[in-house]
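Below you'll find the structure, written out as structure tokens, and then a few comments.
2 protein chains.
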Amino acid sequence: MASNRLERFVAATDDECCPADVEERRRELSGFAATADERSRARDLDVLRTLADDTRYRIVRILEAAGEELCVCEFAPFLSVSESAVSHALGDLTTAGLLDRRKEGRWRYYGTTERATALLSALDATAEGAR
Amino acid sequence: MASNRLERFVAATDDECCPADVEERRRELSGFAATADERSRARDLDVLRTLADDTRYRIVRILEAAGEELCVCEFAPFLSVSESAVSHALGDLTTAGLLDRRKEGRWRYYGTTERATALLSALDATAEGAR
DNA sequence: CGAACACTTGCACAGACGTTCAATCAAGAT
DNA sequence: ATCTTGATTGAACGTCTGTGCAAGTGTTCG
Chain A
119 MASNRLERFV
129 AATDDECCPA
139 DVEERRRELS
149 GFAATADERS
159 RARDLDVLRT
169 LADDTRYRIV
179 RILEAAGEEL
189 CVCEFAPFLS
199 VSESAVSHAL
209 GDLTTAGLLD
219 RRKEGRWRYY
229 GTTERATALL
239 SALDATAEGA
249 R
Chain B
119 MASNRLERFV
129 AATDDECCPA
139 DVEERRRELS
149 GFAATADERS
159 RARDLDVLRT
169 LADDTRYRIV
179 RILEAAGEEL
189 CVCEFAPFLS
199 VSESAVSHAL
209 GDLTTAGLLD
219 RRKEGRWRYY
229 GTTERATALL
239 SALDATAEGA
249 R
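For the record, the sequence lines run as chains A and B. To convert a position in the first sequence, counted from 1, into the numbering used here, add 118. To convert a position in the second sequence, counted from 1, into the numbering used here, add 118.
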């Protein structure tokens, strides 16, 4: 049984260990696991999964580097995938809350959201050899 | 041709627009695209892809909630996947630089890295209805 | 109107990914 | 030494997903 392992571990780790100690630790750990099941989990995973793709990541990086919203036709040529793929990527990013969308005439403008900026900053701040 | 679209866009957007303006804008945009192709890109994508999985995300959340390193047997029972899957997940997370690993006797301890903490913080700080 | 344009959406397929089973390894315990 | 325990590794299978093609939407221009 899987729970036996935890029991043995607690017994081996704690010098003085009674069954109550095992149960207390189990409840504590269960609390940590509950934290990982918060309702924000599904949303977080969606955001991460969306950004974890080469095309979508590059789009966000470009828009972040630009510092302002850009028209699709301004960055699509640099992505080396079809127009269709770009559009799919933009739709996913917008749904995930990583991009904002604005329509003007026949052009569509996209810009990064606060959430996208925060994630990229976290990556940059903790990159290998980050200053 | 794809570049024509950008040309037309610049022409339509700028009031006074000469061919040189189009070229300048193209170079500027090309610079943004180059930013997205930095060497850190592969690493960033690896990190994001690794965290963008339910099992791996929950592991990191649990270790983050614990605030200290935990033995595998302490959190594996809460993940509702096989031991093997947990181990694969831990290997991926460690390779991606999201977890630290320590060996002691026959137990292995895992804890979150600064990078993992930074990413979760970015998610929490920008969640819907964040404080 | 109809044509051109900027972009989006549905569909189908090839490649990638997570899981499990089984075998394996490292380190006590007997 | 041999067995058990905690954990890792490899292979195979089923599922998910990013892409391109083709068709469709909405907007402007002649």
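A virtual CB, placed ideally from N, CA and C, is assigned to each residue, including glycine.
Assign residue i to one of three DSSP states: helix, strand, or coil.
{"i": "B/Arg167", "result": "helix"}
{"i": "B/Ala154", "result": "coil"}
{"i": "A/Leu237", "result": "helix"}
{"i": "B/Leu197", "result": "coil"}
{"i": "B/Glu125", "result": "helix"}
{"i": "A/Thr244", "result": "coil"}
{"i": "A/Glu146", "result": "helix"}
{"i": "A/Glu182", "result": "helix"}
{"i": "A/Cys135", "result": "coil"}
{"i": "B/Ala120", "result": "In this predicted model, B/Ala120 has a pLDDT of only 45, less than 50, meaning its place in the structure is not dependable enough to derive any value."}
Among all the DSSP beta bridges, which residues are the ones paired with residue i?
{"i": "B/Glu222", "result": "B/Trp225"}
{"i": "A/Arg230", "result": "Note that residue 230 of chain A is Thr in the sequence shown, not Arg. The partner list for A/Thr230 (beta bridge, DSSP) reads A/Leu217."}
{"i": "A/Leu188", "result": "A/Tyr228"}
Would you mind stating whether residue i and residue j have Cβ atoms separated by less than 8 Å?
{"i": "A/Thr231", "j": "A/Val199", "result": "no"}
{"i": "B/Phe193", "j": "A/Ala183", "result": "no"}
{"i": "A/Leu147", "j": "B/Phe196", "result": "yes"}
{"i": "B/Ala240", "j": "A/Ala236", "result": "yes"}
Excluding the 5 residues flanking residue i on each side, which residues of the same chain have their C-beta closer than 8 Å to its C-beta?
{"i": "A/Val178", "result": "Leu169, Leu211, Leu216, Leu217, Thr230, Ala234, Leu238"}
{"i": "A/Leu188", "result": "Ile180, Leu181, Tyr227, Tyr228, Gly229"}
{"i": "B/Cys135", "result": "Val128, Ala129"}
{"i": "B/Arg143", "result": "Leu124, Val128"}
{"i": "B/Glu156", "result": "none"}
Measure how close the beta-carbons of residue i and residue j come, nearest whole angstrom, since I'm counting them as under 8 Å.
{"i": "A/Arg176", "j": "B/Ala214", "result": "That pair is no contact at about 19 Å."}
{"i": "A/Ala138", "j": "B/Ser158", "result": "No, A/Ala138 and B/Ser158 are not in contact; Cβ-Cβ is about 49 Å, not under 8 Å."}
Whose C-beta lies closer than 7 Å to the C-beta of residue i among residues of the same chain, with five residues either side of it excluded?
{"i": "B/Glu125", "result": "Val140"}
{"i": "A/Arg219", "result": "Thr212, Arg226, Tyr228"}
{"i": "A/Ala243", "result": "none"}
{"i": "B/Asp132", "result": "Asp139"}
{"i": "B/Gly185", "result": "none"}
With a threshold of 6 Å on Cβ separation, who are the neighbours of residue i within its own chain once the five nearest residues in sequence on each side are excluded?
{"i": "A/Val266", "result": "Chain A is shown only over 119 to 249; residue 266 of chain A falls outside these bounds and no answer can be derived."}
{"i": "B/Val190", "result": "Arg226"}
{"i": "A/Ala120", "result": "At A/Ala120, the pLDDT of 44 sits below 50, so the modelled position is not reliable; the number obtained from the coordinates is stated separately. If we look at A/Ala120 and ignore the five residues flanking it on each side, it has no Cβ neighbours."}
Please confirm whether any heavy atom of the ligand SAH lies closer than 7 Å to the CB of residue i.
{"i": "B/Ala129", "result": "No copy of the ligand SAH appears in this structure; indeed no ligand is present at all."}
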